Amino acid sequence: MRAVALTEFGGPDVLHMIDLPEPHAGPGEVRVRVHAAAVSPADTLLRAGVHAAAMRGLTGPFVPGMDIAGTIDEIGPDTATGLVLGDPVMAMVLPIVPGPGGTLGYHGGGYAEYVVLPAEWVVEAPRGLGHAAAATLPMNGLTALLTLDQLALAPGSLLAVTGAAGTLGGYLVQMGAAAGVIVIADAAPADEALVRKSGAAEIVARGDDVARRIRGRHPRGVDAVVDAALVGPRMLDAVRDGGSLALVRDAGEPGGYAAPAERGITVRHPFVPDYAGRLDRLAEIRRLAEAGILLPRVARTFRAAEAPAAHRLLAAGGVRGRLVLTF
């Protein structure tokens, strides 16, 4: 089968089309004929070798990709599933997984014509969505859902979201607003209409001093902040005493940071692999999309062989929506 892979870590040009053995579904598994794979910042971390030390001893080629959409084309023996051959589906894929002693294992990513997954990792795609749009939902949708599940905010609570014009930030705004949470979002002037359409009740200018602007509107602080823009520890200043701050990257990853415990603030670390195999939560993402609450945005599609160009465009910044590879 064709796949986009790397045999050495580096910039976008280390990505190449290669031929790999075609995988087949075993017991409890299904095979997805991939038609679309979204490009995410997590894919660029794998490509650039951010996890290289923890992956020591693993041999490539490595296939990135955490989001896929396509059709069921093989169901393994003794597999309990409501899916049937030909069903349009979407799934989150974990190319690298935690191993013993802080190491990582490699299971293969979504930039490939065929992906085999446990049946409970795959759900029907939302009705009415094409493959490219469906591919933008699983990983960021599950991350947003996990974050809100951890925060457990009651209706009427104040939630501030940075990076609200991005995919993760946008899904957080949409889900939060639908749950009755009052969302304060940051945005550049050109993105204000987009962020307001997502459901933000208030908009503040983005930038390094966004926490000060939030405090200016809410002197006691907000109940929770999700720092999807990776502004930094200063976002604690926007949180009320006893509130919560959610960090979407670990301190060891680019843009990640550690937030000191202070004023009774709880620091949350949503880790999306915790929702791998949570069919109920992935089905909730489908439901929210079908209800028009989650609004997937495809910024641009690329043929799979154009993966380096997609990674370069993502690195340049300013992309609104997701870049998607098609197979």
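In terms of the working numbering, the sequence shown opens at residue 1 and continues consecutively. Each residue gets a CB set at the ideal place from its N, CA and C atoms; glycine is no exception. Being a predicted model, the structure only gives us computed values, none of them experimental.
Among the options, the one whose alpha carbon lies nearest that of residue i
i, options, result
"A37", "A54, P138, A80", "P138"
"L177", "A258, R196, T162", "Reading off the sequence, residue 177 comes out as Ala, not Leu. Out of A258, R196, T162, R196 has the C-alpha closest to the C-alpha of A177."
"A246", "A54, P219, A283, L172", "L172"
"P126", "R286, A5, G199", "R286"
"R249", "R263, G232, G105", "G232"
"A52", "G76, I96, P23", "I96"
"Y111", "G102, A5, F9", "A5"
"V161", "T167, A152, V181, D186", "D186"
Residue i versus residue j - alpha carbon distance
i, j, result
"L94", "P64", "9 Å"
"V89", "T71", "6 Å"
"E192", "L85", "43 Å"
"L83", "V123", "8 Å"
"G255", "L230", "6 Å"
"M235", "L313", "28 Å"
"L158", "T266", "15 Å"
"L279", "T147", "17 Å"
"D223", "S244", "6 Å"
"R300", "P273", "26 Å"
Opening and closing residue of the beta strand (DSSP E) in which residue i lies
i, result
"Y333", "For the chain, the structure presents residues 1 to 327; residue 333 sits outside this window and is missing."
As assigned by DSSP and simplified to three states, the class of residue i
i, result
"V225", "strand"
"T59", "coil"
"D209", "coil"
"I285", "helix"
"H51", "coil"
"H24", "coil"
"T167", "helix"
Any non-hydrogen atom of the ligand FAD closer than 8 Å to residue i Cβ
i, result
"A307", "As far as ligands go, the structure on display features none, and thus does not contain the ligand FAD."
Endpoints, the alpha helix (DSSP H) within which residue i is located
i, result
"R220", "First-last for R220: undefined, no H or E at that position."
"V195", "192 to 198"
Sequence-distant residues of its chain with Cβ nearer than 8 Å to residue i (five each side left out)
i, result
"T79", "A25, P27, G28, E29, V30, A119"
"L104", "H51, A54, M55, L58, I96, V97, P98"
Other residues of its chain near residue i: CB distance less than 6 Å, five sequence neighbours each side excluded
i, result
"R297", "G321"
Chain-order list of residues whose beta-carbon lies under 7 Å from that of residue i (same chain, five-residue window excluded)
i, result
"H107", "L94, P95, V97"
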